[in-house]
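Going by the numbering used here, the sequence shown wraps up at 685, each residue one higher than the last.
First the structure, in the form of structure tokens, and then the observations on it.
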Amino acid sequence: MTEEQVILVDENDNQIGLMPKMEAHEKALLHRAFSVFVFNDKNELMLQQRAMHKYHSPGLWTNTCCSHQRDGESNLEAGKRRLEEEMGFVTDLEETTSFVYKAPFDNGLTEHEYDHIMIGYYNDAPNINADEVADWKWMPLEEVKVNMALHPEDYTAWFKIIFEKFYEYINVDKA
Numbered sequence: 511m512t513e514e515q516v517i518l519v520d521e522n523d524n525q526i527g528l529m530p531k532m533e534a535h536e537k538a539l540l541h542r543a544f545s546v547f548v549f550n551d552k553n554e555l556m557l558q559q560r561a562m563h564k565y566h567s568p569g570l571w572t573n574t575c576c577s578h579q580r581d582g583e584s585n586l587e588a589g590k591r592r593l594e595e596e597m598g599f600v601t602d603l604e605e606t607t608s609f610v611y612k613a614p615f616d617n618g619l620t621e622h623e624y625d626h627i628m629i630g631y632y633n634d635a636p637n638i639n640a641d642e643v644a645d646w647k648w649m650p651l652e653e654v655k656v657n658m659a660l661h662p663e664d665y666t667a668w669f670k671i672i673f674e675k676f677y678e679y680i681n682v683d684k685a
């Protein structure tokens, strides 16, 4: 099986090439990615705990799912594909915003991503893929925010950045 390719992009999200995923993370090159946030009717966010054998951020809590688009795949197509692969369900998604971040990890790899944030709604329990996800739970956004402030080490780098800088784009409870 060949290693998954990521889409290298410039600072305007224009595709400039393809590269094996690990090589892009080793070289800290900017590539396209996405983060999906799924809410239920109670405005609770479905969080996932990353599988313990992940090559970075194992066992940390994060948004419902995230990954990289494939060549020729739209952001929404990629989000739906990965949501089904990781969490075992599909729902409609809406893209809300995007941002660039760079996060080095202790293992020498770096996430340098042009991340597209997507929102969806679902009320049932997921059917998690144990190769990708260790656990899951529903949490109100305010509770996540408080817990993240008390225990930042329990959450992924990109999830903390989204909460700090893009909270208004994921806060579906506008009341």
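Glycine included, each C-beta is placed from N, C-alpha and C at the ideal position.
Scanning SER567, MET562, ASP520, ASN522 for the CA closest to the CA of PRO662 turns up SER567. For VAL610 against TYR624, the beta-carbon gap comes to about 5 Å, under 8 Å, which counts as contact. Rounded to whole angstroms, the Cβ separation of THR607 and TYR679 is 5 Å, and the two are in contact under 8 Å. Contact between the segment 632–642 and the segment 583–591 is absent: fewer than 3 CB-CB pairs across the two stretches fall below 8 Å.
If the five residues before and after ASP602 are omitted, its C-beta is found closer than 7 Å to the C-beta atoms of GLY630, all from its own chain and listed in chain order. The segment 557–574 and the segment 537–549 touch, with no fewer than 3 CB-CB distances between them shorter than 8 Å.
Straight through space, the alpha carbons of ALA640 and GLU595 are spaced by roughly 10 Å. Annotation for HIS541: the continuous beta strand (DSSP E) segment containing it runs 541–549.
A straight-line Cα-Cα distance of about 10 Å links MET597 and ARG591. Here VAL519 is not near MET529, since their CB atoms are 8 Å or more apart. Between MET658 and PHE673, the C-beta spacing is below 8 Å. Counting along the chain, GLU623 sits inside no alpha helix (DSSP H); it lies in the beta strand (DSSP E) bounded by residues 620–631. Note that the C-beta distance between TRP646 and MET556 is below 8 Å.
Here the alpha carbons of LEU539 and THR620 stand approximately 8 Å from one another. Out of GLU605, ILE671, TRP648, the CA that lies nearest to the CA of GLN559 is found in TRP648.
As the crow flies, the alpha-carbon of PRO650 is around 34 Å from that of ALA534. Sorting MET628, LYS612, GLU536, GLU652 by C-alpha distance to the C-alpha of GLU554 places GLU652 at the top. Annotation: the continuous alpha helix (DSSP H) that includes ARG592 extends over 585–597.
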